[in-house]
């Protein structure tokens, strides 16, 4: 750990603080807007998915200008936009305002991720790169866990959901200060891009990248379900003795456990996978997703042990995520020429935008159908994992052949 550049640790600290604020809201916002504001699950899903529309614009801008102007200016702008989105949410009491807040938030996240990931790629190489991505993701997860715990306590004692959005906005202001004074520009002058879309034009001729994009989108749809659809499923579709659905305190405890497993497993998983290729590591992640989806189905359909099945499902999702996130970022960074790291990380982030555009509306639509349809939804997701495995197998062979050609 001591061999990582100092700026990686500073960046990780800033991400931890901002994720504390995000943890206050990300799991409770869907519940608040459905149960307190009175919007339907489908409309909330559509609003959350709309963030990906503006997120596409943010990612395209971030990818180009992170390679042209530098990573730091783009990151600073992203924190300002994200803070503004949080303060819009504090006044939201209808669907149009919710969509407006989501659009601003999506644009801010779009600006944030490509520049952030490019900094890590600039400062690291080889296996150290996957380790650096794991450390920054670990900081994200610790912050998220602390935020979920604090948010659950605040809601259970006061019911003040809107206060969560204010605290989230303040956390992004703190992140701005850390970036301003603690991070130096990592872009080298010779890496500057030319016309706006020229970098994307070059990147989209990389066949390996295009194949990987499909896998990345599917896996991101899975992650979107855990953060948006699953809290609603737990709150309204799990049979209980006196009610239908877990109460907010139980949901808070479940997702706190999920984050604790994510935190505890991040570095051991990295150690376990370090001898494996990136594609094989992602294949293992897919296996965890299949098992997790089966457990979630059992949570809603079993007459007993619902908490056990929910805990197992979330634990398996945690393992799937920690196997996926640093590996995916490292694989994209390995694909990218040094002059196009911002563009390549932007395309990686665009996959998340697509996944989150599809995931929340898809999940909300499934929950607004029959109860049996909602239960079967998770099995349907499990049935798509073999598609991921087939694509990864093809990509593994393609990368191997490319390495042989380069050696010759």
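Residue numbers (the numbering used here): 22 to 429.
Beta carbons are placed, not taken as given, at the ideal position from N, Cα and C, and that holds for glycine.
- Residue 159 and residue 116 have their C-alpha atoms roughly 34 Å apart.
- As computed with DSSP, residue 260 is found in a beta bridge with 265.
- Every alpha helix (DSSP H) stretch that sits fully inside the segment 54-90 and reaches 4 residues is listed by chain position as 62-89.
- If you look at residue 222, you'll find it in the alpha helix (DSSP H) that goes 219-224.
- Under the three-state reduction of DSSP output, residue 138 falls in the helix class.
- Residue burial annotation: residue 135 is buried, with at least 16 other C-beta atoms found within 10 angstroms of its C-beta.
- Positions of the alpha helix (DSSP H) runs, each at least 4 residues long and wholly inside the segment 351-426, are given as 362-388 and 392-403 in order along the chain.
- Counted as a single uninterrupted DSSP element, the alpha helix (DSSP H) harbouring residue 96 occupies residues 92-110.
- Distance from the CA atom of residue 255 to the CA atom of residue 181, rounded to whole angstroms, is 21 Å.
- When rounded, the separation of the alpha-carbon atoms in residue 404 and residue 225 is 29 Å.
- Contact between residue 369 and residue 237 holds, with the beta-carbon distance rounding to 7 Å and staying under 8 Å.
- Taken in chain order, the complete alpha helix (DSSP H) segments of 4 or more residues contained in the segment 297-354 are 299-322.
- If you compare the alpha carbons of 111, 70, 79 and 152 with that of residue 24, the shortest gap goes to 152.
- In the DSSP assignment, residue 208 falls outside any alpha helix (DSSP H), carrying neither H nor E.
- Around residue 176, the same chain offers 49, 182 and 269 as residues with beta carbons nearer than 7 Å, after the five sequence neighbours per side are excluded.
- For residue 119, the three-state secondary structure derived from DSSP is helix.
- In this structure, residue 84 places its C-beta atom within 8 Å of the C-beta atom of residue 366.
- The Cβ neighbour count for residue 221, taken over all protein chains shown within 10 Å, is at least 16; the residue is labelled buried.
- For residue 232, the three-state secondary structure derived from DSSP is helix.
- The Cβ atoms of residue 68 and residue 141 lie no closer than 8 Å to each other.
- Rounded to whole angstroms, the separation of the alpha carbons of residue 389 and residue 203 is 46 Å.
- By the C-beta density criterion, residue 382 is buried, having at least 16 other C-beta atoms within 10 angstroms.
- Shown here for residue 416: same chain residues with a beta carbon closer than 7 Å to its own, the five before and five after excluded, namely 229, 232, 233 and 300 in chain order.
- The segment 398-414 and the segment 303-316 touch, with no fewer than 3 CB-CB distances between them shorter than 8 Å.
- Each of 107, 144 and 150 was checked against the Cα of residue 128, and the nearest Cα belongs to 107.
- When the five nearest sequence neighbours on each side are left out, the beta carbons in the same chain lying within less than 7 Å of the beta carbon of residue 189 are those of 42, 43, 45, 46 and 107, in order along the chain.
- Residue 189 sits in a helix when the DSSP states are folded into three classes.
- Around residue 386, the same chain offers 63 and 66 as residues with beta carbons nearer than 8 Å, after the five sequence neighbours per side are excluded.
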